[in-house]
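Residue numbering for the sequence shown follows the working numbering, starting at 24 and increasing by one per position. Ideal Cβ positions, reconstructed from N, Cα and C, are used throughout, including at glycine. Please read all numbers here as calculations on a predicted model, not as lab measurements.
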Amino acid sequence: MMTIPDHQKRVTNNPKISVKTPRAASTFTLLNPKRLEVTVLEPEQFFPTGQWNCDFVFQAPAASAEIYVELKGSDFLHALEQLANTIKLLKSPLQPKKCFVVIRRSPSIDTKMQKLLLDFGRRNKCTIKPKTQHCEHSL
């Protein structure tokens, strides 16, 4: 597992943890009704420059959960690459891993896209869900 400096971790037990980026119109909210301790990471802050990475990672060891979030304007395939690279670089033992791409316009979920999502999940040992504009997920 990658060692992340403590000053790059934001630990909270808020019942509602919302994130967004300045350049994306999308938002993600993690609902934390049990007020578990959640570490919020922004990989851009600690990964080497030039690495593709997702916008946010939520780690909740008490729930055995790790959630990867990419807030995107439109390039869905690039979002998948960013998520996969972040999972690979973090090498976290937490399971299950859940990935979310929150995008301005949702891609059409045809057979080709379904296969792409299944392959992504299998390769990265995670679930993946595309959402439009705003996404809420509960621990």
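Minimum Cβ-Cβ distance from residue i to chain C less than 8 Å
i      : result
His101 : The chain labelled as chain C is not found in the depicted structure, where only one protein chain is given.
Distance between residue j and residue i (C-alpha atoms, nearest Å)
i      : j      : result
Leu117 : Ser87  : 6 Å
Ser97  : Arg128 : 6 Å
Leu112 : Asp133 : 30 Å
Asn37  : Val80  : 16 Å
Ile110 : Leu100 : 16 Å
Thr15  : Lys138 : No answer is possible for residue 15: it lies beyond the span of the chain, which begins at 24 and ends at 162.
Ala83  : Leu59  : 7 Å
Ser131 : Lys154 : 11 Å
Lys95  : Met136 : 17 Å
Ala85  : Lys152 : 23 Å
Coil, strand or helix - residue i by DSSP
i     : result
Ile90 : strand
Gln74 : coil
Pro38 : coil
Phe51 : strand
Arg33 : strand
Phe69 : coil
Near the ligand ATP: residue i beta-carbon under 7 Å from a heavy atom
i      : result
Ser115 : Ligands are entirely absent from the displayed structure, and the ligand ATP is therefore not among its contents.
Cβ-Cβ distance between residue i and residue j below 8 Å
i      : j      : result
Ser49  : Ile126 : yes
Cys77  : Val61  : no
Lys114 : Cys149 : no
Thr52  : Lys32  : no
Leu140 : Asn55  : no
His30  : Ile90  : no
Extent of the continuous alpha helix (DSSP H) to which residue i belongs
i      : result
Ile110 : Phe99 to Leu113
Span of the beta strand (DSSP E) around residue i
i      : result
Leu59  : Note, Leu59: premise wrong, no beta strand (DSSP E); not H, not E.
Thr150 : Cys149 to Thr155
Ala83  : Phe79 to Ala83
With contact counted as at least three CB pairs below 8 Å, one residue from each stretch, are the region 101–118 and the region 59–78 in contact? yes
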